[in-house]
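Chains as they are written, first to last, in this note's numbering: chain A, 4 to 82; chain B, 4 to 82; chain C, -1 to 145; chain D, -1 to 145. All residues carry an ideal CB built from backbone N, CA and C; glycine is no exception. Values in this document were obtained by computation on a predicted structure and should not be read as measured data. Quick notes on the structure that follows.
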Amino acid sequence: MTLSILYFGMIAEATGQPLETWHSLDAMTVGDLKNDLLEKYPVLRDRKFQIAINQQIADESFPIPPLAQVALLPPFAGG
Amino acid sequence: MTLSILYFGMIAEATGQPLETWHSLDAMTVGDLKNDLLEKYPVLRDRKFQIAINQQIADESFPIPPLAQVALLPPFAGG
Amino acid sequence: MGHKPKKVFVEGPISPQFVAESIAKHQSKTSIGAHNIFLGQIRADAKVGGVVTGIEYSAYPEMAEQIFHQIREAAFAQYELTCLHIYHSLGLVPTGEISLFVFVSSPHRRATFEALEFLVEEIKAKVPIFGKELLGNEGDFAWKENT
Amino acid sequence: MGHKPKKVFVEGPISPQFVAESIAKHQSKTSIGAHNIFLGQIRADAKVGGVVTGIEYSAYPEMAEQIFHQIREAAFAQYELTCLHIYHSLGLVPTGEISLFVFVSSPHRRATFEALEFLVEEIKAKVPIFGKELLGNEGDFAWKENT
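Now the structure itself:
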C-alpha cells in the first residue's frame, strides 16, 4: 500500500524533508510504521512525537487504512 | 457635633438631596444616626443601604468621630 | 507593596480604540507572555418600564478610589502580575457600549486567569458605584444592583 | 450544534487594532454583558543560545482547523456563550507581538471566565501548531514545547 507521510517542526528538521511517499507490501499498524521510520531515521529515537492518521491522533495498535495521510507531530506549541 | 452626610443613587433620590449637614448635641454611634435618619426620612425604611464613616463601611456599634464624613450607600452596581 | 494609586474613572463609555492603545503600550514589556482582558458591556435587558437604553453611573469617588487601590494591591500581592489596569465609566453609557475594562498581564497565563476573575468580583462587590438603568423612551428608570 | 467552521490562522502577528475591530463588531449585539479576551504575547526569554527574538509558527493546517472546530463546539455546548472567536498566527511573530487571540462573549461574566480558560488550555494541549524560537542574532533556534 501507498501512504503519504507528513513531517512537522523538529521532526521535519530530523528527516530533512516535509513529506514523502511510503510504499509497503503489507498491511501495517501505526506501531509497524513507527518501527520502520525509526529504522530509516535513527535520529527520531531521540525525538518526541505523536502519529496522526487522516488528521486523528492514533495509538500504535491502530491499523493504517490504504492511501492514508500519516503525520508525525512533535510537541505542540500553540499560544 | 457636626457631620456632613452624603447620599448616593436611590438614597439621594429618596432624601431629595445629595448632601446635608447634621448637628447633634450628643455623641452618636452609626446605629443612633441611622435611627435619626429613618425618622427624618421614613422612605429610607424600604431601601437597602450601608453607612460609610470617613470612606469606610461601618457597623451600627461604631462611634462616629467629630467632623466625620458620613455616606449612605445603596447597593453597588459597578461593572 | 505600594503601587501608585491610578485614575480609574473615565467619563462616558470606554472605546475599543482605548483598549487597543492599552494593549499596544504593553508590547515593549517583553517579560509578558499573557494578557487577559475583561469588558463589561451594557445589555438591552427588557424590564418593567421598558428596555434598558443605557446606564447612568455615579460613584462616591473618594471612597471608590481607595477601594480600587486596595483591590489592586491585593491582586499584586496574591498573583504574579506584571501589569494591572482598571477603568470604569461615570456618566451615561448607552446600551452596547463598554463601562468596565480590567486588564492584567503576566509572564504566565495561569496568574492572569485567577487575577482577572478576582478583580472583577471584588470590583462588583466592594466599590461604591451606582447605576441608574434608563428604560424605554419616556424617562422611566430602575436602580441596578449587583448580585 | 453545528457552528460553521471559521478561519483561525492569520499570517504574522495579531495587531491591537484587529482586537479593537473585533470588540467594536460586538457592540450591536445587545444581549452581551461580558467579554473576556486572552492574548498570548511572545516573551524575550533568555535561553541557551540567546534571547528569544521571535517565534516562527507552523501547523498541520487540515488537522488544526478540525481540532479548532471541535474545541469551539465543545465550548458552545458547555457554556452559555453568545460569540466565540479564535485567531492564531502562522509565520514569524517577533518578541512583544501577539500570536493568540481568544475572544468570548456572553450575557453573564461567569460563562466567559470558564469558557476562556477552557479554550486556551484546549488550544495549547490539542492543536498541532509548532513553534521555532529564534535565539540571538546568529541563527540559533530551539523548538517550543507547551507544558
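- Query: Short check: CB of residue 129/D to CB of residue 48/D, under 8 Å?
  - Reply: no
- Query: Excluding five sequence neighbours on each side, which residues of the same chain lie with their C-beta closer than 7 Å to the C-beta of residue 140/C?
  - Reply: 45, 47, 131, 133
- Message: Judging by CA-CA distance, which residue of 124/D, 58/D, 7/D, 1/D is the nearest neighbour of residue 96/D?
- Response: Of the listed residues, the one whose Cα sits closest to residue 96/D is 7/D.
- Query: What's the gap between the Cα of residue -1/D and the Cα of residue 83/D?
  - Reply: Residue placement at residue -1/D is flagged as unreliable, the pLDDT there being 47, under the threshold of 50; a coordinate-derived value is accordingly withheld.
- Of the residues 89/D, 74/D, 40/D, 88/D, the one placed nearest residue 105/C, counting alpha carbons only: 40/D
- Task: Mind reading off the beta-carbon distance from residue 114/D to residue 100/D? Whole number of angstroms is fine, and I expect it under 8 Å.
- Result: 6 Å
- Message: Can you tell me whether residue 30/A is helix, strand or coil according to DSSP?
- Response: coil
- Query: Between the C-alpha atoms of residue 37/B and residue 54/B, what's the straight-line distance to the nearest angstrom?
  - Reply: 8 Å
- Message: Against chain D, does residue 9/C count as a neighbour if the rule is that its beta carbon must be under 8 Å from one of theirs?
- Response: no
- Query: Three or more beta-carbon pairs under 8 Å between the region 28 to 46 of chain B and the region 63 to 76 of chain B, yes or no?
  - Reply: yes
- Message: Is the separation between the beta-carbon of residue 57/D and that of residue 98/D shorter than 8 Å?
- Response: no
- Message: Looking at the secondary structure, which residues open and close the beta strand (DSSP E) in which residue 38/C lies?
- Response: 32 to 39 is the extent of the beta strand (DSSP E) around residue 38/C.
- Query: Ends of the beta strand (DSSP E) at residue 102/D?
  - Reply: Boundaries of the beta strand (DSSP E) harbouring residue 102/D: 96 to 104, taken from the DSSP string.
- Item | Simplified DSSP state of residue 93/C, which is helix, strand or coil | coil
- Which residue from 26/B, 33/B, 18/B puts its Cα closest to that of residue 57/B? 33/B
- Using a Cβ-Cβ cut-off of less than 7 Å, list which residues of the region 55 to 72 of chain B approach chain C; keep chain order. 55, 58
- Message: At the 8 Å Cβ level, is residue 79/B part of the contact set with chain C, yes or no?
- Response: yes
- Item | chain E contact for residue 56/C (CB, 8 Å cutoff) | Looking for chain E here will not work: the only protein chains present are A, B, C and D.
- If you drop the 5 nearest sequence neighbours on each side, which residues of the same chain put their C-beta closer than 6 Å to that of residue 33/D? So the list reads 103, once near-sequence residues are dropped.
- Task: Could you pull the start and end residues of the beta strand (DSSP E) that residue 50/D belongs to?
- Result: 48 to 57
- Please classify residue 84/D: does DSSP put it in a helix, a strand, or coil? strand
- Give the interface partners of residue 11/B over in chain C, defined as CB-CB distance under 9 Å, in chain order. Annotation: Cβ neighbours of residue 11/B in chain C (cutoff 9 Å, chain order): 56, 57, 58, 126, 128.
- Do you know whose CA, among 10/D, 112/D, 68/D, 125/D, lies nearest residue 53/D's CA? 10/D
- Query: residue 76/D touches chain A at which residues, Cβ-Cβ below 9 Å?
  - Reply: Residues of chain A passing the Cβ test: none, with the nearest at roughly 20 Å.
- State the Cα-Cα distance for the pair residue 110/C and residue 23/D, rounded to the nearest angstrom. 25 Å
- Close Cβ partners of residue 138/D (< 7 Å) along its chain, the five nearest in sequence each way excluded: 47, 48
- Under three-state DSSP, which class holds residue 14/D? helix
- Tell me, to the nearest whole angstrom, how far the beta carbon of residue 8/A is from that of residue 47/A; I am working on the premise that it is less than 8 Å. Not confirmed; about 12 Å, so no contact.
- Message: Strictly under 8 Å for the Cβ-Cβ distance: is residue 4/C near chain B by that measure?
- Response: no
- Can a CB atom of chain C be found closer than 8 Å to the CB of residue 28/D? yes
- Contacts that residue 121/D makes with chain A (C-beta to C-beta distance below 7 Å): 81, 82
- Give the secondary structure of residue 74/C by DSSP, where H, G and I count as helix, E and B as strand, and everything else as coil. In this structure, residue 74/C counts as helix in the three-state DSSP scheme.
- How close, in whole Å, do the beta carbons of residue 127/D and residue 62/D come, if the pair is a contact with beta carbons under 8 Å? 6 Å
- Item | With 16 other Cβ atoms within 10 Å as the buried cut-off, status of residue 20/B | exposed
- What does DSSP give as the partner residues of residue 138/D in its beta bridges? The beta-bridge partner set that DSSP reports for residue 138/D consists of 133/D.
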